[in-house]
Amino acid sequence: MIVPEVVPQLVVSLYPVAIWVGIITGLIGLLGISYQKNDLSVLILTDIVGVAMLIIVAGVATDLAEALILPGLVVELAEIMAISEILISREIRKSKRSRKDLAPTSLSFNMEILETAPVFIAVILIAYGIFLSGFTGGAVAGGGILFYVLSKSARGLPVELFDGLAGVSGIAWVFWIVGFLLFFVGPGFWLLGLMLSAFGLLIKVASKVGLIGMLTREEFKKE
Amino acid sequence: MLDVQIWFYTGCILVILGSIATVIGPGVKDPLVRTLNTEIPAVGVSLIFLTYNHTIALLTFIAATAVITLILLRAIVRLEEMGVDL
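Chains A and B supply the protein sequences, listed in that same order. Following our numbering, the numbering of the first sequence begins with 1 at its first residue and continues without gaps. Following our numbering, the numbering of the second sequence begins with 224 at its first residue and continues without gaps.
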């Protein structure tokens with residue numbers, strides 16, 4: 001038997017169903033893409049194909065599957081973000097109106113809650129993200145940063161900050177790799193390696209999700 | 224005691240029905256309706272993750288789905304504002 005004895009019987013019985021559901025969903029999504037002429041619809045249907053990929057990976061039902069789902073999600077997110085930006089900038093190029101005319105205008109409501117609530121929620125999300133650490137913590141903290149930036153709709157972000165964020169992300173990546181190496185080079189320092197990896201990944205993922213907010217800010221700056 | 228398989232098969236049915244609804248469902252000419260329909264397979268996948276105890280994957284998936292919906296809605300709104308024929 002190819003499947004080891006330690007795998008629960010339940011997982012083995014569900015595996016063919018998971019694979020078939022994944023393949024059927026993928027086919028439905030790809031068929032939909034094949035006869036769509038609208039670019040935006042194709043972009044939305046890409047989401048369905050991503051879902052099919054996740055089901056096939058999840059069917060393995062081990063820690064490895066979980067570890068593979070996380071990068072898959074981030075790649076899907078980055079892909080959709082990049083393609084939507086390309087679609088928007090292509091339409092801006094096509095249209096006859098000027099770029100300034102097409103930039104989104106921010107609404108000005110004079111409400112107290114819009115000033116205080118974003119800070120409060122962002123602080124809670126970032127604190128909880130740091131507590132979680134690792135990949136999930138990075139996603140939660142990044143969500144907090146994104147929420148803050150989007151709700152403030154601030155304009156005029158200095159470019160130095162944007163560059164600095166990329167630098168911090170790079171240094172965090174080095175921490176992650178050093179922590180990973182430490183597992184093999186000095187297994188005695190496993191706790192240090194674990195913490196280095198966890199917080200390196202936290203800063204890396206958080207700064208990546210926060211970049212979506214930065215992108216919007218850059219756009220406002222062009223006004 | 225609840226049978227674990229119930230969650231798995233409910234998830235599978237939701238994923239297949241939701242993806243059909245996203246491709247040829249009623250009113251999918253409107254990209255907004257299409258984007259909202261993608262939430263149905265997302266709930267299905269969440270149930271499948273729940274069956275397999277993929278806690279971290281489930282949490283990250285929920286966060287990623289929220290951000291993806293945000294990005295898609297932003298793209299739709301921006302394109303509508305430009306008067307693109309969607």
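Where is the CB? At the ideal position from N, CA and C, for every residue including glycine.
>> For Val268 (chain B), which residues in the same chain have their Cβ closer than 8 Å to its Cβ, ignoring the five residues on either side in sequence?
In response: Gly234, Val238, Phe284
> Taking all protein chains shown into account, do 16 or more other C-beta atoms lie within 10 angstroms of the C-beta of Arg297 (chain B), making it buried, or fewer, making it exposed?
Replying inline: buried
> Taking the alpha-carbon positions, what's the Phe199 (chain A) to Ile130 (chain A) distance?
Replying inline: Phe199 (chain A) and Ile130 (chain A) have their alpha carbons spaced roughly 8 Å apart.
>> Here's the rule I'm using: 16 or more other beta-carbon atoms within 10 Å means buried, otherwise exposed. How should Arg191 (chain B) be labelled?
In response: One cannot answer for residue 191 (chain B) here, as it falls past the ends of chain B, which runs 224 to 309.
> Should Ala61 (chain A) be labelled buried (16 or more other beta-carbon atoms within 10 Å of its own) or exposed?
Replying inline: buried
> Could one say the Cβ of Pro249 (chain B) lies closer than 8 Å to chain A's Cβ atoms, at least one of them?
Replying inline: No - not a single Cβ of chain A is within 8 Å of the one on Pro249 (chain B).
>> Please identify the residue among A:Val123, A:Pro71, A:Ser133 whose C-alpha is closest to the C-alpha of Met195 (chain A).
In response: Each of A:Val123, A:Pro71, A:Ser133 was checked against the Cα of Met195 (chain A), and the nearest Cα belongs to A:Ser133.
>> Closer than 7 Å between beta carbons: that is the criterion. Which residues of the stretch 267 to 284 of chain B meet it against chain A?
In response: Val268, Ile271, Phe272, Tyr275, His277, Ile279, Ala280, Leu282, Thr283, Phe284
>> Please confirm whether Gly156 (chain A) has its beta-carbon closer than 8 Å to some beta-carbon of chain B.
In response: Below a pLDDT of 50, predicted positions are generally treated as unreliable, and Gly156 (chain A), at 42, falls in that range; no measurement from the model is reported.
> Using DSSP with H/G/I as helix, E/B as strand and the rest coil, what is Ile2 (chain A)?
Replying inline: In the three-state reduction of the DSSP assignment, Ile2 (chain A) falls in the coil class.
> What three-state label does DSSP hand Asp39 (chain A) in the structure shown?
Replying inline: helix
>> Less than 7 Å between C-beta atoms, sequence neighbours within five positions excluded: which residues of the same chain meet that for Phe135 (chain A)?
In response: Leu70, Leu201, Val205
> Which residues in the same chain have their Cβ closer than 6 Å to the Cβ of Val11 (chain A), if we skip the five residues on either side of it in sequence?
Replying inline: Ala61
> Just to confirm, are Tyr52 (chain A) and Gly26 (chain A) a CB contact at a threshold of 8 Å?
Replying inline: Going by the sequence as given, residue 52 (chain A) is Ala instead of Tyr. Against a cut-off of 8 Å, the Cβ pair of Gly26 (chain A) and Ala52 (chain A) comes out as a contact.
>> Using beta carbons (cut-off 8 Å, strictly below), is Val256 (chain B) in contact with chain A?
In response: no
>> On a Cα-Cα basis, can you pick out the residue from A:Trp20, A:Ser169, A:Leu87, A:Leu64 that is closest to Ile56 (chain A)?
In response: A:Trp20
> How would you write the range of the alpha helix (DSSP H) that Thr283 (chain B) sits in, first residue to last?
Replying inline: 278 to 304
> Between which two residues does the alpha helix (DSSP H) carrying Val11 (chain A) extend?
Replying inline: 9 to 34
> Ala286 (chain B) versus chain A: which residues are under 9 Å apart at the beta carbon?
Replying inline: Leu73, Thr136, Ala139, Val140, Gly142, Gly143, Val209
>> Counting only beta-carbon separations shorter than 8 Å, does Ser197 (chain A) have a partner in chain B?
In response: no
> Looking at Ile124 (chain A) and Ala141 (chain A), is the spacing between their C-beta atoms short of 8 Å?
Replying inline: No, the Cβ-Cβ distance between Ala141 (chain A) and Ile124 (chain A) is not below 8 Å.
> Going straight from the alpha carbon of Gly156 (chain A) to that of Pro249 (chain B), what length do you get?
Replying inline: Residue confidence for Gly156 (chain A) is low, a pLDDT of 42 falling below 50, so the modelled location carries little weight; the figure read from the coordinates is stated next. Each residue's alpha carbon lies about 43 Å from the other.
> Quick one: is Asn260 (chain B) buried, meaning 16 or more other Cβ sit within 10 Å of its Cβ, or exposed?
Replying inline: buried
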